[in-house]
Each structure stands twice: as C-alpha cells, then as structure tokens.
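According to the numbering used here, the residues represented by the sequence shown are -7 to 348, in order.
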Amino acid sequence: MAEPDDLPLAPLRWAEPPDGPVVILLDQTRLPDEEAELACTDVDGLVAAIRSLAVRGAPVLGLAGAYGVALAAARGYDVREAARRLAEARPTAVNLAYGVGRALAAHRAAGGEGPTAAAAALAEARALHREDAEASVRMADLGRALLGELVPGGGYRLLTHCNTGALVSGGRGTALAVVGAAHRAGELRRLWVDETRPLLQGARLTAFEAARAGMPFAVLADAAAGSLFAAGEVDAVLIGADRIAADGSVANKVGSYPLAVLARHHGVPFVVVAPVSTVDPATPDGGAIRIEQRPGEEVTHVRPGARVAPVGAQAYNPAFDVTPPELVTAIVTERGVVSPVGRAALAAVCAAAGPA
Ligand code: MRU
C-alpha cells in the first residue's frame, strides 16, 4: 500500500502564463479516477465550473468567487457584471457571495478600474486564501479538543457526510480537518463515510482524501447510517455547512438533517465545523435559506449517461437541507465553539477577535 500523503490537495490556484492570468481548478467531477486540472481563462468558464461542481464546497467557493473577480479585472471584463454572475452561480453557500464581495470591495477601494484595482482584487483573493488556510488549522485544533470532551476515552468512530476536506478549502478543510487532526494524533478508530447521493461527494471525494491520508475508513450507503447508530457504532457526527443562519440553523448537503435526527435519537453528538464566513447574519433563520434545486438527472441517473429510473421519471433534487439549531450539539468556528447553539452565542463568537 502507498505511504499516506499528508500534503493538502490544492483545489484551486492562480497562475499567470504568458497568454494571461488563469484560475486553475482540480476538476472534482473527475475524481477519484483522474487528478485533472481545469483552466478557467474567463468568467464564463469559472461560472460553468462552479455550476458543474468541478469546484465545490463552501470555503473554496468563496475563493473561486474572489479569484473570479480578480480574473475579470485582470482580463479587462466588466467587473461588476462578472461579480454578479459569479455570486449567483450557486445560491446556498454564502461563502461564494462573501468571497466575491471581498474582492469587489477591494477593487472598488483601489479606484474601480485599471491595473492597480486589478492588483488589489487579486491581493484580496490571496488574503482570503491565507485566512481560509489559517481558519482550517484553528478549527481542527478546536474541533479535536471538543471531541476529547464529548467522547471521553478517544478511539473515535466518526460519521461524516459529503466532502469537507482539503478539496473544499485553502487548507485542510472543515469537518474533515478535525478528523485528520484526530487521525494524526492516533485517536481515530474509524471514519464512516456516507456515500452522499446523488453526486457521491462522500464515496468519490471524502474516501479519496481519507485513503490518501491513510485513515481507517469505510463508505456506506446513506440509508445504512440508521443501522450503524442502532448498533452503537457512531461516537459523533462531524459535518460542514454551506450557510448558517443567525439563529444557528445549518444548511448543508442534503442528508445532513436526517443524520441530526438520528444522532439526537441515539444520544450521539452532532457537530458542525465551519468558518465564520459561513455564518450569515442577514439570514434570520433556517426558513430564509435558499436551497439550490439541481437537475433531476442527478437523481434518475447514477452518473451522466447511466440512467436507473424509467425514462420520463420526475425527480426531487434539493442539493441541501436545513438542520434546526436544537439538533446541533456544537458549531466549531476558527474563533471559538458555540455550544449550546443559539442566536446570541453565535453572534458573540462571530464578533470575537480572529486568530492571531
Ligand atoms: O454541493 P456541494 O458539493 O458544493 O456541497 C458541499 C457541502 O455540502 C459541504 O458539506 C459544505 O460545503 C461544507 S464544506 C466545508
């Protein structure tokens, strides 16, 4: 077996070849079979990559948005229009609009046109990239310490959903960064990886990252989680988030809410790990979170071209669901842990000074 590779993957980078700047993505639609790069030379290409999930996951969507504004500025496109299109490419992960907004504000503050403003947008995207990597380290430390309190004795059996590792981040990610820290400390007995239908981010991407890091893991069909809880095989659930409303409601990959209900029924901690940029004070509660509806083919087919439902079958395909705050044991951010989860406690942690 290959030695574990401990270096984080780079899901996105900026490059400046002679024919002009470009945002280079690790194409996540082709993992785990191929580590192929996708070069986006214009905003159309980047918007298409965001919609197809070639780049996906909340924190890295923020980076894609910020670098997208920098790309538009450097290549002389209409930056405001580019920012609008990037921010609207996917509606649920608030990090996308946040990243776009940061780079656009820097561009405006530097005059709103020309090379100086373009350089300011790029510098802001790079700053966000660094901040995300730092946040990831801090969340991993805080999350691992929290696990020690919630699950005395170590030897954790952790269940996760979707993909929250280096593929979604400028660093090692959110929930999977916590799992990775526990693994490196010898505290992980088993990572249970929900396959995460319909697009299989768990089976394809989390399993890829877990294997690469040498973690003990097993992939399960989403519907098998219940029997795993019933058998007492789960010590804690760790997931990420795409948007956290002001009341602590958590929008994350569809299938997260049923896990929270199961966890509550079985007395298992349900922990959300997300940077403060995922908390949206302008969204008052879970009902106000806009949930992306995706094409029915993602459900009627197991992959493009491989249909499993009868021709003409209708499908219901929300990309995310919302877990109410009362089912969330704790929210781990880079600025501190919110537990119990509530409006005031969440606002206080978000307002706290960031890591030095
Ligand atoms: O549709 P995706 O793959 O972009 O959904 C991603 C998720 O739901 C992740 O769990 C979420 O972005 C948290 S990643 C830190």
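Yeah, the Cβ is synthetic: ideal placement off N, Cα and C, and Gly gets one too. All of these numbers come straight from a predicted model, not from anything done at the bench.
- So does residue 103 have its beta carbon nearer than 7 Å to some heavy atom of the ligand MRU? As a working note, residue 103 is residue 111 in the sequence shown. False, no ligand heavy atom lies under 7 Å from that Cβ.
- Message: At 3 residues or longer, what runs of the beta strand (DSSP E) sit wholly inside the segment 139 to 170?
- Response: 148 to 152
- Task: Have a look at the DSSP bridge pairing and note the partners of residue 86.
- Result: For the purposes of this step, residue 86 is taken as residue 94 along the sequence shown, with counting starting at 1. Beta-bridge pairing links residue 86 to no other residue.
- Query: Under the criterion of a Cβ to heavy atom distance below 7 Å, does residue 342 qualify as lining the ligand GDP?
  - Reply: Only the ligand MRU can be found as ligands here, which leaves the ligand GDP out of the picture.
- Item | 7 Å Cβ shell around residue 341 - same chain, five flanking residues per side excluded | Your numbering for residue 341 matches position 349 in the sequence shown. The answer, listed in chain order, is 325, 327, 328 and 330.
- Task: Kindly indicate the opening and closing residues of the alpha helix (DSSP H) around residue 36.
- Result: Translated into positions along the sequence shown, residue 36 becomes position 44. 35 to 44 is the span of the alpha helix (DSSP H), which, as asked, contains residue 36.
- Pick out whichever of 4, 166 and 206 has its Cα sitting closest to the Cα of residue 268. Position 276 of the sequence shown, counted from the first residue, corresponds to residue 268. With distances taken between Cα atoms, residue 268 lies closest to 166.
- Does any CB atom of chain B fall closer than 8 Å to the CB of residue 61? Reference to chain B is not applicable here, since this structure consists of a single protein chain.
- Message: For a minimum of 4 consecutive residues, which ranges assigned as the alpha helix (DSSP H) are wholly contained in the segment 158 to 234?
- Response: 167 to 176, 199 to 204 and 217 to 222
- 6 Å Cβ shell around residue 31 - same chain, five flanking residues per side excluded: As a working mapping, residue 31 is identified with position 39 in the sequence shown. Cβ neighbours of residue 31 beyond the five flanking positions: 14 and 16.
- Task: Please confirm whether residue 170 and residue 183 have their CB atoms less than 8 Å apart.
- Result: Position 178 of the sequence shown holds residue 170. Position 191 of the sequence shown holds residue 183. The answer is no: Cβ separation not under 8 Å.
- Query: Whole-angstrom Cβ separation of residue 84 and residue 46, contact assumed at under 8 Å?
  - Reply: For this step, residue 84 is matched to residue 92 along the sequence shown. For this step, residue 46 is matched to residue 54 along the sequence shown. Actually they do not touch by this definition, with Cβ atoms about 17 Å apart.
- Item | Closest by C-alpha distance to residue 295, when choosing among 35, 107, 191 and 50 | Sequence index remark: in the sequence shown, residue 295 carries index 303 (1-based). For residue 295, the nearest C-alpha among the options comes from 191.
- Nearest to residue 345 by CA position, among 313, 42, 99 and 127, is which residue? Position 353 of the sequence shown holds residue 345. The shortest C-alpha separation from residue 345 is found at 127.
- Task: Please list, in chain order, all residues of the same chain as residue 209 whose beta carbon is under 6 Å from its beta carbon, the five residues on each side excluded.
- Result: Along the sequence shown, read from residue 1 onward, the residue named residue 209 stands at position 217. Around residue 209: 183, 185 and 202.
- Item | Status (buried if at least 16 other CB within 10 Å, exposed otherwise) for residue 101 | Locating residue 101 in the sequence shown gives position 109, where the first residue counts as 1. Exposed, by the Cβ-count rule.
- Message: Less than 7 Å separating the Cβ of residue 309 from some heavy atom of the ligand MRU?
- Response: Against the sequence shown, residue 309 aligns to sequence position 317. It does not: the Cβ of residue 309 is nowhere closer than 7 Å to a heavy atom of the ligand MRU.
- Message: Can you check which of these residues, 217, 99 and 237, is closest to residue 228 by C-alpha distance?
- Response: Within the sequence shown, the letter at position 236 stands for residue 228. Per the Cα distances, 217.
- Message: Nearer than 7 Å: is that true of the beta carbon of residue 32 relative to any heavy atom of the ligand MRU?
- Response: The residue given as residue 32 occupies position 40 in the sequence shown. It does not: the Cβ of residue 32 is nowhere closer than 7 Å to a heavy atom of the ligand MRU.
- Message: Quick check on the DSSP output: the beta strand (DSSP E) that includes residue 315 runs from which residue to which?
- Response: Taking the sequence shown and counting its residues from 1, one reaches residue 315 at position 323. That run of the beta strand (DSSP E) goes 312 to 315.
- Item | Beta-carbon proximity check, residue 265 vs residue 162, cutoff 8 Å | Reading the sequence shown from its first residue, position 273 is the one you call residue 265. Reading the sequence shown from its first residue, position 170 is the one you call residue 162. No, the Cβ-Cβ distance between residue 265 and residue 162 is not below 8 Å.
- Do residue 274 and residue 291 come within 8 Å of each other at the CB atom, strictly closer than that value? The residue labelled residue 291 in the question sits at position 299 within the sequence shown. The residue labelled residue 274 in the question sits at position 282 within the sequence shown. It is not a contact, given that the beta carbons lie outside the stated cut-off.
- Query: Counting along the chain, where does the beta strand (DSSP E) carrying residue 325 start and finish?
  - Reply: Numbered from 1 along the sequence shown, position 333 holds the residue referred to as residue 325. 322 to 325 is the extent of the beta strand (DSSP E) around residue 325.
- Please confirm whether any heavy atom of the ligand MRU lies closer than 7 Å to the CB of residue 48. By one-based count along the sequence shown, residue 48 stands at place 56. Checking the Cβ of residue 48 against the ligand MRU gives yes.
- Message: Whole angstroms are fine: how far does the CA of residue 132 sit from the CA of residue 310?
- Response: The residue you call residue 310 lines up with position 318 of the sequence shown. The residue you call residue 132 lines up with position 140 of the sequence shown. Taking the straight line joining both Cα atoms gives about 29 Å.
- Message: Is any non-hydrogen atom of the ligand MRU found closer than 7 Å to the C-beta of residue 262, if you look at the structure I gave you?
- Response: Here residue 262 corresponds to residue number 270 of the sequence shown, with the count starting at 1. No, the Cβ of residue 262 stays beyond 7 Å of every heavy atom of the ligand MRU.
- Query: In this structure, does DSSP put residue 237 in helix, strand or coil?
  - Reply: Counted from its first residue, the sequence shown places residue 237 at position 245. Reduced to three states, the DSSP call for residue 237 is strand.
- Task: State the DSSP-derived secondary structure class of residue 99, mapped to helix, strand or coil.
- Result: Locating residue 99 in the sequence shown gives position 107, counting from the first residue. If DSSP states are grouped into helix, strand and coil, residue 99 belongs with the helices.
- Query: Closest to residue 69 by CA distance: which of 93, 41, 52 and 106 is it?
  - Reply: To locate residue 69, count along the sequence shown from 1; it is residue 77. Among 93, 41, 52 and 106, the Cα nearest to that of residue 69 is on 106.
- Residue closest to residue 87, alpha-carbon to alpha-carbon, out of 34, 237 and 222: To locate residue 87, count along the sequence shown from 1; it is residue 95. Looking at the Cα atoms, 237 is the closest of the given residues.
- Looking at residue 109 and residue 99, is the spacing between their C-beta atoms short of 8 Å? On the sequence shown, residue 99 is found 107 positions in, with the first residue counted as 1. On the sequence shown, residue 109 is found 117 positions in, with the first residue counted as 1. It is a contact, given that the beta carbons lie within the stated cut-off.
- Item | Cβ shell of residue 39 (< 7 Å), same chain only, five flanking positions each side left out | Looking up residue 39 in the sequence shown gives position 47. Here the set comprises 77, 78 and 81.
- Query: the ligand MRU heavy atoms versus the CB of residue 193: any closer than 7 Å?
  - Reply: Counted from its first residue, the sequence shown places residue 193 at position 201. Checking every heavy atom of the ligand MRU against the Cβ of residue 193, one is found closer than 7 Å.
- Counting only runs of 4+ residues fully inside the segment 243 to 290, write out the alpha helix (DSSP H) ranges in chain order. 248 to 257
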